[in-house]
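Everything below concerns the one structure shown next.
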Amino acid sequence: MNILGLSAYYHDSAAALVQDGKITSASQEERFSRKKHDARFPAGAISSCLELGGISLRDVDQVVFYDKPLVKFERLLETYLSYAPHGFRSFVAAMPVWLKEKLYLKTTLKKELAALGGIDVKELPPLMFTEHHHSHAASAFYPSPFERAAVMCLDGVGEWATTSIWLGEGNRLTPQWELDFPLSLGMLYSAFTYYTGFRVNSGEYKLMGLAPYGQPKYVDLILDKLIDLKADGTFRLNMDYFNYATGLTMTNRRFARLFGAPARTPETRIAQKEMDIARSIQAVTEEVVLRLARTVKQELDTDYLCLAGGVALNCVANGRILREGPFRDIWIQPAAGDAGGALGAALVAWYEYHDKPRTVNGHDAMSGSYLGPRFSDAEIAKQLDAQGAVYEILDPADMPGRLGEILADEKVVGWFQGRMEFGPRSLGGRSIIGDPRSEKMQSVMNLKIKYRESFRPFAPAVMAEDVSEYFELDRPSPYMLIVAPIQKSLRIDMTEDQQNLFGIDKLNIKRSQVPAITHVDYSARVQTVHRETNPRFHEVLSSFKDRTGCSVLVNTSFNVRGEPIVCTPEDAYRCFMRTEMDYLVVENYLLAKTDQPVREKDESWKEEFALD
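Put into structure tokens, the structure is as follows:
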């Protein structure tokens, strides 16, 4: 049986294919359209999934959409009526789109699918709809390695739910309770993302990365004025300060007066105040999540917790749940945001609608999240040749050794191999890698390769068997969704003067023996690399370790700022030539920057991609 799951028309459109219960492919539309967070019908992602599954649309037995638009429309109408006459401008802006398109989503989807498959609408497989948080919960529990687990979904909003708790047992998810819009931890965090000058739905991770530069000066103010947090983790928000329920912005003038200034204008200087605000809302968010986790443990009496929804991408909070929470272990869906809803929708149909049995074998079912397309040597050569690229072809057995030497020489490498990752993180399929021991690596990568803000940290990829040598972490973290402290034995103590530094002045101090991946609070967002799921990347780490004694590499996403992660060899070469990367590896093809045709510096990406 072939079940196609879809998410679309809000942000991060995606498709996923489940064949006889096995997750065979999943991708986000942005990788094919080259438009970050693309919300349009995921034609490219669907085509890729079907090709990888070896089927056509005619072979699909069911198409499942990840939420229920009519219920969402009900929420919009009720919200506007509740706040009337406030929000009239937003109402006028939203209604034409709903009345013209979104209310008739079933018809729209059928037309798009028929056009994509070149078939008549009447020949399409049945189209079903699940609830948004049900999709999230399914994406978290069903691929997890747990037979029984609590499931916590936290995001901005689906139809009504913003926080939902489920019990997963075998092939069933049972809803327990939920918090509804406008009471939303995701919206609260996004409101502060907006106020500090970052883009909502893409800049939240910047706010998290900025937090360690600040002091939690505003925690009491947030808890006193904005959120009434209960001991069990449930909460109410004071909507007098927010505009997201009916307005065109996240916060209002009263919010600005509370913090003493208007929202920061994007791309302007980040001041200490923004850093302190970031630290404060991060601290509040972590406290909410920890309290909720303890409540869920008490209510459901299970040893395991699964997480999904956009808030589950807050890997600092995830790390605290793991270290301080009551659960034996946790598992987070690597595509925790709306893209993962496509996968969850397909899994709901397989396990619950068709009542298929579920087998747990101690490993998760995500295949390392390497669920996107891969490319043959012939396809790679064709795309590179079309770009005029100069390359050498290495024996596969020789590539890790050659790359180990290049990386040990502090060169920066674009690394493209195997299947593309599903989710927002590069995990060694479409990555930029470098030497973590280098004191200059963070600034070089941020300013000359990623063209992004200097404060943003880089993540380490570490051989799974060595993770505890470098980090205070005793288990796998394959999806880069857990932040852990650097081992104390690797840290470098700060002088008294260094300890007294504030804000961005903290950035250029060497804090450990792997400074390029050590954040200013001695933390790192860890990815463990496993021989079973990514043997090629594991071999490169092993080769680097043989030469340097270090089994860690810097691993960041293969893109420039505002660009989706690269998908094809052509994307990879274009990004390589736009940046100051030294080498590019595409499977067995090795390209040195110094060998490439001389070109004028290409900065067209600044117009092509909106800065995130």
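Going left to right, the sequence shown walks through residues 7 to 618 as the working numbering numbers them. Think of the CB as a built atom: it goes at the ideal place given N, C-alpha and C, for glycine as much as any other residue.
- Judged by pairs of C-beta atoms under 8 angstroms, the segment 339-353 touches the segment 142-150, as three or more such pairs exist.
- Straight-line measurement puts the Cα of Cys159 at about 19 angstroms from the Cα of Tyr357.
- Only residues of its own chain outside the window of five on either side were considered, and among them Cys321, Val322, Gly325, Ser529 and Arg531 have a CB closer than 6 angstroms to the CB of Val489, listed in chain order.
- For Val294, the closest of Pro272, Val317 and Asp307 by C-alpha to C-alpha distance is Val317.
- By the C-beta criterion, the segment 24-42 is judged to be in contact with the segment 566-573, since at least 3 inter-stretch pairs fall below 8 angstroms.
- Between Ala345 and Gly429 the beta-carbon gap is near 7 angstroms, inside 8 angstroms, which marks them as a contact.
- Judged by DSSP in its simplified three-state form, Val354 adopts helix.
- Going by beta carbons, Thr136 and Val69 fall outside the 8 angstroms limit.
- In the DSSP secondary-structure assignment, Ala22 is bridged to Gly11 and Ala32.
- Between Ile498 and Lys516, the gap from beta carbon to beta carbon is short of 8 angstroms.
- Taking all protein chains in view, the Cβ of Ser460 is surrounded by fewer than 16 other Cβ atoms within 10 Å, so the residue is classified as exposed.
- Nearest to Arg81 by alpha-carbon distance, out of Ala167, Glu210 and Asn207, is Ala167.
- With at least 16 other beta carbons inside 10 angstroms of its own, Ala155 counts as buried.
- Under the 10 Å beta carbon count, Asp404 is surrounded by fewer than 16 other beta carbons and is classified as exposed.
- The continuous alpha helix (DSSP H) containing Tyr579 extends over residues Pro575 to Arg584.
- Partner residues in the beta bridge of Glu175, as assigned by DSSP, are Arg154 and Arg178.
- An exposed status is given to Trp183, since fewer than 16 other beta-carbon atoms sit within 10 Å of its beta-carbon.
- Cβ atoms of Asn561 and Gly434 come within 8 angstroms of each other, at about 7 angstroms.
- Look at the beta carbons and you see the segment 590-604 touching the segment 388-398: at least three pairs across the two are nearer than 8 angstroms.
- Around the C-beta of Glu545, 16 or more other C-beta atoms lie within 10 Å, and the residue is accordingly described as buried.
- Apart from sequence neighbours up to five positions away, the residues of its chain that approach Arg605 with a beta-carbon distance below 7 angstroms are Met583, ordered along the chain.
- For the segment 164-252, the full-length alpha helix (DSSP H) segments reaching 4 residues or more read 191-201 and 210-216 along the chain.
- A contact between stretches requires three or more CB pairs, one per stretch, nearer than 8 angstroms, and the segment 178-196 fails this requirement with the segment 331-343.
- In this structure Leu189 does not touch Leu229 by the C-beta definition: roughly 15 angstroms separates them, more than the 8 angstroms allowed.
- Distance from the CA of Ser170 to the CA of Tyr359, rounded to the nearest whole angstrom, comes to 21 angstroms.
- Within its own chain, the residues whose Cβ lies closer than 6 angstroms to the Cβ of Asp480, once the five positions on either side in sequence are excluded, are Ser474, listed in chain order.
- Excluding the 5 residues flanking it on each side, Gly331 has same chain C-beta neighbours closer than 8 angstroms at Leu296, Ala299, Arg300, Lys303 and Leu311, in chain order.
- Contact check between the segment 499-507 and the segment 438-445: fewer than three CB pairs, one atom from each, fall below 8 angstroms, which does not count as touching.
- With fewer than 16 other Cβ atoms from the protein chains shown falling within 10 Å of its own Cβ, Ser495 counts as exposed.
- Take the alpha-carbon of Ala45 and the one of Ser13: they are about 9 angstroms apart.
- Counting C-beta pairs closer than 8 angstroms gives three or more between the segment 253-260 and the segment 190-205, which meets the contact rule.
- Distances from the CA of Tyr219 to each of Lys117, Arg462 and Arg436 were compared; the closest alpha carbon is that of Arg462.
- At least 8 angstroms separates the beta-carbon of Ala371 from that of Ile9.
- At the C-beta level, Gly420 and Ile438 come within 8 angstroms of one another.
- For Met469, the enclosing beta strand (DSSP E) covers residues Ala465 to Met469.
- Scanning the segment 311-338 for uninterrupted beta strand (DSSP E) segments of 3 residues or longer gives 335-338, listed from N- to C-terminal end.
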